[in-house]
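Take a look at the structure set out below.
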Amino acid sequence: MTADMAADDSSPPLIRAATRDGTVLPVIDVTDPRFAVPDDPDSLARLFAQSAAEELQNRYTPRFIMSWMVRRAAKQSLLLRAVVAGDGSFLDGITTYVMKLGAEHLPPPYDSPMDKRIAASPHLTLLRLRTQQVAWLLADALAPALANAASAPLALVNIAGGPAIDSMNALILLRRRDRDLLRRPIAIHVLDQDDAGPLFGSNALAALVQDGAPLAGVDVVFRHRPYDWNEPASLEALLRDLGPETIVAASSEGGLFEYGTDDVVVANLNSLRAANVDAVAGSVTSSDERRRRLLTSSRFKLFPRGLEGFAPLAGRAGYRIARSEPAQLSDQVLLTPV
């Protein structure tokens with residue numbers, strides 16, 4: 053999927069966009085070697101082994117010592133502080149996004165030595181891989197439909213998507229595959245309770261369509277609407293408004309399939325299936341013992357279903373797992389109608 057080449061001194065400047073508070077962040081482009089995670093079998097095997105070794109080391113550290121180490125490190129790391137000291141069951145969209153930038157691209161105030169150490173960890177590399185895999189799944193699923201309907205509008209519906217960087221990267225991948233695929237009106241619809249992540253996403257898209265940028269000249273807009281996935285009526289209203297001629301794909305990276313209850317997941321998938329959405333991509337928390345053990349000490353309320361637990365939920369809504377990509381802590385899935 054990804055290029056193995058390394059960035060050099062001739063690499064163009066990173067594209068950047070501002071958050072609400074004025075922090076300027078690089079815009080992730082998984083086709084750029086500076087952001088791409090090598091995903092050939094050997095590279096993935098090494099990454100998974102590094103992650104397992106890190107977890108094993110932490111497991112055999114006495115709990116009280118580990119707690120002291122984490123508290124001490126959090127004083128030196130804004131990223132870690134957001135993880136251990138937050139007051140919610142979700143990590144906010146901006147912090148999650150910054151964690152995907154990699155150690156070399158952290159801007160102030162996230163660039164302390166401890167922040168860089170955390171950003172370089174196998175765990176956060178797996179988070180970057182998750183975004184990359186969802187973007188590829190979306191792009192691969194959409195390419196045939198776009199080729200077969202040259203003038204049809206395209207809508208990317210992103211549930212709990214924050215900045216929706218997976219949707220933007222799917223467009224970048226499609227543009228690199230065939231420039232003609234994106235010669236149509238395109239809209240990214242982000243359904244999220246938070247507005248800080250979507251605001252940055254809107255700024256990021258504006259930067260990506262500038263001259264010389266990966267989506268230069270593409271007719272694409274970014275729209276955010278507040279959304280509570282416990283009440284999918286607004287999702288259904290959006291899908292009705294898109295019209296039958298629109299090609300629609302949905303995604304939820306690090307969102308619905310990981311944090312939603314069984315009933316919520318099925319209800320949202322039912323809404324998508326009723327609107328004939330033929331491609332749905334997202335991340336599913338792994339069910340293996342190591343992942344479950346990590347979650348016991350986390351404030352985040354994820355459901356470690358694994359593929360074996362998620363497939364029946366998708367089936368209840370009329371979908372099947374057509375393809376999956378592993379990232380150890382999660383599996384990224386592409387759903388298509390049964």
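Residue numbers for the sequence shown, in the working numbering: 53 to 390.
Don't be surprised by glycine CBs; every beta carbon is placed ideally from N, CA and C.
This structure is a prediction, so every number in the text was calculated from the model and none was measured.
Q. Is the segment 241–250 touching the segment 263–280 in the sense that three or more CB pairs, one from each, lie closer than 8 Å?
A. Here the segment 263–280 makes contact with the segment 241–250; the two share three or more CB pairs at distances below 8 Å.
Q.
Does the structure place the segment 207–215 close enough to the segment 303–312 that three or more beta carbon pairs sit under 8 Å?
A. Segment contact: the segment 303–312 against the segment 207–215, three or more CB-CB distances shorter than 8 Å; contact assigned.
Q.
Within a Cβ cutoff of 6 Å, which residues of the same chain sit near Ala197, ignoring the five residues on either side of it in sequence?
A. Counting only Cβ-Cβ distances below 6 Å, and skipping sequence neighbours, we find Ile299.
Q) Terminal residues of the continuous alpha helix (DSSP H) containing Val209? A) For Val209, no alpha helix (DSSP H) encloses it; the enclosing beta strand (DSSP E) starts and ends at 206–211.
**Q.** Endpoints, the beta strand (DSSP E) within which Ile373 is located
**A.** Ile373: member of the beta strand (DSSP E) spanning 371–378, first to last residue.
Q: Return helix, strand or coil for Pro389, following the three-state DSSP convention.
A: Strand.
Q) What's the gap between the Cα of Leu208 and the Cα of Ser95? A) Taking the straight line from one Cα to the other gives about 30 Å.
Q: Compare the C-alpha of Ser376 against each of Ala333, Gln109, Asp315, Ala258 and name the closest.
A: Comparing C-alpha distances from Ser376 to each of Ala333, Gln109, Asp315, Ala258 shows the shortest one belongs to Ala333.
Q | Option in Ala366, Leu381, Gln380, Pro378 with minimal Cα separation from Leu387 | A | Among Ala366, Leu381, Gln380, Pro378, the Cα nearest to that of Leu387 belongs to Ala366.
**Q.** Ala55, DSSP secondary structure in three states
**A.** Its pLDDT being 42, under 50, Ala55 is placed unreliably by the model, and nothing is read from it.
Q. Could you give the distance in angstroms between the alpha-carbon of Asp232 and the alpha-carbon of Arg72?
A. Between Asp232 and Arg72, the C-alpha separation is close to 34 Å.
Q. Given Pro160, which residues of its chain have a CB within under 6 Å of its CB, disregarding the five upstream and five downstream residues?
A. Excluding sequence neighbours, Pro160 sits near nothing in its chain.
Q: Specify the secondary structure class of Ala88 as computed by DSSP and reduced to three states.
A: Coil, per DSSP.
Q) beta strand (DSSP E) containing Phe274: first to last residue? A) Per DSSP, Phe274 belongs to the beta strand (DSSP E) from 272–277.
Q.
Quick check on the burial criterion: 16 or more other C-beta atoms within 10 angstroms. Buried or exposed for Thr177?
A. By the 10 Å Cβ count, Thr177 comes out buried.
**Q.** Chain-order list of residues whose beta-carbon lies under 7 Å from that of Ala374 (same chain, five-residue window excluded)
**A.** Spatial neighbours of Ala374 in its own chain (CB-CB distance under 7 Å, excluding positions within 5 residues in sequence) are listed in chain order as Leu386, Leu387, Thr388.
Q | Local Cβ density within 10 Å of Ala379, reported as buried at 16 or more and exposed below that | A | By the 10 Å Cβ count, Ala379 comes out buried.
Q) CA-CA distance, Arg325 and Lys127? A) Each residue's Cα considered, the two are about 46 Å apart.
Q) Does the pairing of the segment 143–160 with the segment 101–108 give three or more beta-carbon distances under 8 Å? A) Short answer: they don't touch.
Q: Would you mind reading off the limits of the beta strand (DSSP E) that contains Leu243?
A: Its beta strand (DSSP E) spans residues 238–243.
Q. Who are the Cβ neighbours of Arg343 in its own chain at under 7 Å, not counting the five residues just before and after it?
A. Here the set comprises Thr337, Pro356, Leu381.
Q | Whole-angstrom C-beta distance between Ser339 and Gly361, which should lie under 8 Å | A | The pair is a contact, with the Cβ atoms about 6 Å apart (cut-off 8 Å).
Q. Can you tell me whether DSSP reads Gln185 as helix, strand or coil?
A. Of the three classes helix, strand and coil, the one that applies to Gln185 here is helix, per DSSP.
**Q.** Cβ neighbour criterion (16 or more within 10 Å) applied to Val329
**A.** Buried.
(Q) With DSSP as the reference, identify every bridge partner of Ser338, one or two as the case may be. (A) In the DSSP output, where bridge partners are listed per residue, Ser338 has none listed.
Q) When DSSP labels each residue in this structure, what does Pro160 get in the three-state scheme? A) If DSSP states are grouped into helix, strand and coil, Pro160 belongs with coil.
**Q.** Endpoints, the alpha helix (DSSP H) within which Pro296 is located
**A.** Per DSSP, Pro296 belongs to no alpha helix (DSSP H) and is neither H nor E.
Q.
When you compare the CB positions of Arg236 and Pro266, do they come within less than 9 Å of one another, or not?
A. The answer is no: Cβ separation not under 9 Å.
Q) Out of curiosity, what's the CA-to-CA distance linking Ala319 and Leu290? A) Cα to Cα, the separation comes out at about 15 Å.
**Q.** Beta-carbon contacts of Val76 that lie in its chain and below 8 Å, excluding the five residues immediately before and after
**A.** Within the same chain, Val76 has close Cβ partners Arg68, Ala69, Ala70, Pro159.
Q) Roughly how many whole angstroms lie between the Cα atoms of Arg86 and Ser62? A) Arg86 and Ser62 have their C-alpha atoms roughly 12 Å apart.
Q: Determine, using beta carbons only, whether Asp84 and Leu132 come nearer to each other than 9 Å.
A: It is not a contact, given that the beta carbons lie outside the stated cut-off.
(Q) Between Arg275, Leu179, Arg169, which has its C-alpha nearest Val89's C-alpha? (A) Closest option to Val89, Cα to Cα, is Leu179.
Q. What's the gap between the Cα of Asp246 and the Cα of Gly253?
A. A straight-line Cα-Cα distance of about 12 Å links Asp246 and Gly253.
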